[in-house]
Amino acid sequence: MSRPPGTPMKSWRSAIWVLPAIVPVVIVLGAGLGSALVQSLGLMPLVGSPVLTLDAYRAQAGDIATSAALSVAIAAAATTIGVIVGVGLALTAVAGRRAALWAGTVTVPVPHLIGAATMGLLLADSGLLARLFGLSEGGWPALVGGRWWIAVVLEFAWKESAFIGLVVVAVLTTRVAAYDETAAMLGASRLARLRLVTFPLIRPAVVASATISFAYTLGSYEVARLLGRAYPEPLPVMAIRLFNSIDLATRPQAAAAAVVTAGLALLAVAGALTVLRRSAVWR
Amino acid sequence: MSAPLIRAALGRALRVALVLWFVVPLVPILLWAFANRWPFPDLLPQQWGLDGVRSGLAAGAPRAFVVSATLGLAVAAIATPAGALAARALDSGRVPLPRLTEAVLFAPLILPAFAVALGLDVLVLRARAPSPVAVVAVLVVAAIPYTTYLMRVAFGAYDSGYEDEARTLGASRATVLIRVQIPLLAPALSGAAFLAFLVGWSDYVVTLLIGGGRVVSVPILVGSFAAGTGNSAVVAALSLAAVVPPLILLIVVARAGRRTGTRT
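Those protein sequences? They're chains A and B, same order as listed.
If you want this note's numbering, it's the position in the first sequence, counting the first as 1, plus 44.
If you want this note's numbering, it's the position in the second sequence, counting the first as 1, plus 15.
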């Protein structure tokens with residue numbers, strides 16, 4: 045949109061138009077996370093009197109640490125695969141071969157719960173792949189519910205790669221094409237163009253979409269619940285198990301696991317912002 | 016084989032692998048949705064049929080679809096205009112503290128929805144607020160980053176010269192809104208509304224935690240079947256039915272966007 049030259053006047057009157065979006069966000073996030081924090085500190089017990097305490101964190105410190113490490117590992121693995129496949133998808137799409145891009149777009153309206161269900165039917169020891177390769181139940185590796193959380197990682201990587209790919213395609217088609225042609229005319233080789241033109245230009249989009257995917261995976265419940273194993277559990281699975289427990293005394297512990305998850309997501313964003321600040325083409 | 020030929024072959028193999036990576040995981044629900052009997056070592060179902068569909072219908076699928084569609088429409092109806100207004104204000108550059116405002120608007124992308132819902136549950140119970148309203152509120156907040164972002168991009172490419180021209184020719188503010196602004200922004204608005212609808216349509220964890228079993232949407236139904244064993248056909252039938260409507264909507268939105276995009 046065209047603007048009059050010079051710095052526009054800041055006014056609190058224009059802020060009115062932001063209110064319909066910002067008021068619900070502040071209320072819902074503030075009330076939800078605030079209440080989780082207060083509960084985890086023992087200040088809002090369902091039974092008994094409120095006492096400020098770190099017991100909910102201390103009582104299960106070992107389990108929280110294990111779950112946090114597992115959650116971060118799953119999110120990191122899925123995001124790594126998602127970035128590699130997503131950037132590959134974007135590069136083929138920009139080269140004019142759009143079949144893979146269409147296939148990726150189909151996964152966008154598939155909810156993670158349904159993605160998990162179909163991954164289970166594909167990868168379980170009685171799944172479609174085991175049938176295809178004719179392996180008996182003993183010969184098929186434990187992809188679902190196994191030690192390495194492979195089905196869980198693959199489900200996230202599957203959806204994330206499409207998301208990252210679509211975001212990067214949007215950047216590539218608007219900004220990179222012209223620079224790439226100029227570099228080619230000036231005699232840059234294919235590899236040099238990739239390294240010196242394409243990658244630096246898509247870096248902010250890759251970092252931003254990877255961070256969103258990482259944070260999403262970190263806080264996702266249903267995929268690990270359906271395709272994972274009972275112990276150890278990722279933070280969201282742990283939190284919701286404790287939340288649904290008949291024992292009301294575990295509510296503060298559920299809230300503690302939720303608060304730790306939110307904290308890890310914020311740390312991931314802080315890390316991503318640091319990386320983005322260092323990259324020259326940001327802004 | 017010469018180097019260019021090898022490279023072409025490699026490129027084709029890579030593209031086929033990419034298509035397979037996205038498509039193969041969807042094959043099991045396509046087959047299972049119409050499989051009455053499919054014992055283990057068989058590659059294809061022994062007996063095709065609609066038992067899964069029938070079980071889904073018997074378990075209350077029609078009502079769940081109404082619930083999910085209502086959630087999706089409610090989220091789209093609130094989050095789309097809210098995001099559009101915020102995007103317009105941010106684009107004007109006159110909002111105080113623009114960085115902070117944007118950070119707050121995009122925070123729902125980062126902060127885990129389950130943690131928000133888990134904390135909110137107690138407050139909703141204590142305030143005796145109706146749980147469907149609370150579910151919609153959380154999902155609207157989850158959708159606002161998407162609608163704001165899409166509208167932000169749209170306003171970035173939007174030429175307000177058309178508005179000025181219409182005003183100069185004597186059009187009222189309301190006429191400009193209805194005849195100029197909304198038609199020009201229609202592709203972006205429908206894209207934003209689609210994503211917001213999707214947030215409501217496909218949510219699982221917020222409905223599970225705050226709905227407390229009273230809001231039975233399609234994902235809740237799928238989740239309850241998927242947790243048990245021997246339900247593959249029902250899970251697949253419900254999943255397929257949940258994915259096809261938004262997929263059709265996506266194609267319609269994409270086409271509408273391209274058509275209007277070339278005209279303006």
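Note that CB positions come from ideal geometry on N, CA and C, so glycine has one too.
Residue nearest to residue i in terms of C-alpha spacing, selected from the options
i      : options                           : result
A/G183 : A/G164, A/A195, A/A168 and A/W193 : A/A168
A/V62  : B/L204, B/T162 and B/V233         : B/T162
A/G272 : A/V220, A/S111, A/P64 and A/I125  : A/S111
A/V18  : B/A99, B/A91 and B/A157           : Any property of residue 18 of chain A remains undetermined from this structure, which presents chain A solely from 45 to 327.
A/A117 : A/G130, A/P94, A/N288 and A/T261  : A/T261
A/V95  : A/P296, A/I66 and A/A144          : A/P296
B/L135 : B/G226, B/S232 and B/A23          : B/G226
A/Y275 : A/T136, A/S289 and A/D107         : A/D107
A/S115 : A/P280, A/I194 and A/D291         : A/P280
B/M166 : B/V237, B/L210, B/R69 and B/A32   : B/L210
Coarse secondary structure for residue i, derived from DSSP in three states
i      : result
B/A50  : strand
A/Q297 : helix
B/Q62  : strand
A/L104 : Checking the sequence shown, residue 104 of chain A turns out to be Gln, not Leu. The answer is coil: DSSP assigns A/Q104 none of H, G, I, E or B.
A/S46  : Here A/S46 scores only 46 on pLDDT, less than 50, and its place in the model should not be relied on; the value that follows carries that caveat. Note: A/S46 maps to coil in three-state DSSP.
B/A186 : coil
A/P276 : coil
B/W36  : helix
B/Y219 : coil
B/P260 : helix
A/A362 : Past the edges of chain A, shown from 45 to 327, lies residue 362 of chain A, and the structure says nothing about it.
A/V313 : helix
A/S115 : helix
B/A208 : helix
A/I290 : coil
B/R109 : coil
B/A203 : helix
B/A104 : helix
A/W56  : coil
Burial state of residue i (16 or more Cβ within 10 Å)
i      : result
A/E204 : buried
B/I266 : exposed
B/P56  : exposed
B/V230 : buried
B/D80  : The sequence given here has Phe at residue 80 of chain B, not Asp. Label assigned to B/F80: buried.
A/M163 : buried
A/G171 : buried
A/T149 : buried
A/L235 : exposed
A/M282 : buried
B/V268 : buried
B/A104 : buried
A/V154 : buried
B/F212 : buried
A/S79  : buried
B/F240 : buried
A/L176 : exposed
B/L20  : exposed
A/E225 : exposed
A/M88  : buried
Residue i: contacting residues in chain B (beta-carbon distance under 7 Å)
i      : result
A/T151 : F37
A/R141 : R30
Per-residue contacts from residue i into chain A (C-beta, under 9 Å)
i      : result
B/I21  : Result: empty, since nearest Cβ-Cβ is about 14 Å, beyond 9 Å.
B/W63  : Per Cβ cutoff of 9 Å: no residues; B/W63 is ~16 Å from chain A at best.
B/L213 : V152, P153 and P155
Chain-ordered chain A contacts of residue i [CB-CB under 7 Å]
i      : result
B/G238 : L157 and E266
B/V267 : Going along chain A, no residue has its Cβ under 7 Å from B/V267, so there is no contact; the nearest lies around 12 Å.
B/P56  : R175
B/Y219 : P155, L157 and E266
B/G98  : A65
Chain B residues whose Cβ lies nearer than 8 Å to that of residue i
i      : result
A/I66  : A101, T116, V119 and L120
A/A299 : L133 and G134
A/S79  : G134, L135, V137 and L138
A/I256 : L124 and I125
A/V69  : V119, L120, A122, P123, V156 and I159
Chain B contact residues for residue i, given Cβ-Cβ distances below 9 Å
i      : result
A/I284 : F129, L133, V220, L223 and L224
A/W193 : Correct list: empty, because the minimum Cβ distance to chain B is about 16 Å.
A/L73  : V119, A122, P123, L126, V131 and V156
Cβ-based contacts, 9 Å cut-off: residues of the segment 258-276 of chain A near chain B:
A259, Y260, L262, G263, S264, Y265, E266, R269 and L270
Using a Cβ-Cβ cut-off of less than 7 Å, give me the residues of the segment 144-166 of chain B that come near chain A, in sequence order.
A152, V153, V155, V156, I159 and T163
Going along the chain, which residues of the segment 122-140 of chain B sit with their C-beta nearer than 9 Å to a C-beta in chain A?
Listed in sequence order: A122, P123, L124, I125, L126, P127, A128, F129, A130, V131, A132, L133, G134, L135, D136, V137 and L138.
Please identify, using Cβ separations under 8 Å, the residues of the segment 38-50 of chain B that lie next to chain A, in order along the chain.
V38, V39, P40, L41, V42, P43, I44, L46 and W47
Residues of the segment 245-256 of chain B whose Cβ lies closer than 8 Å to any Cβ of chain A, in chain order
S247, V250, A251 and S254
Identify each residue in the segment 97-129 of chain A for which the Cβ-Cβ distance to at least one residue of chain B is less than 8 Å, and report them in chain order.
V129
Can you pull out the residues from the segment 217-246 of chain A whose beta carbon lies closer than 9 Å to at least one beta carbon of chain B?
Correct list: empty, as no residue qualifies.
Mind checking the segment 65-90 of chain B against chain A and listing, in chain order, the residues whose C-beta falls within less than 7 Å of any C-beta there?
none
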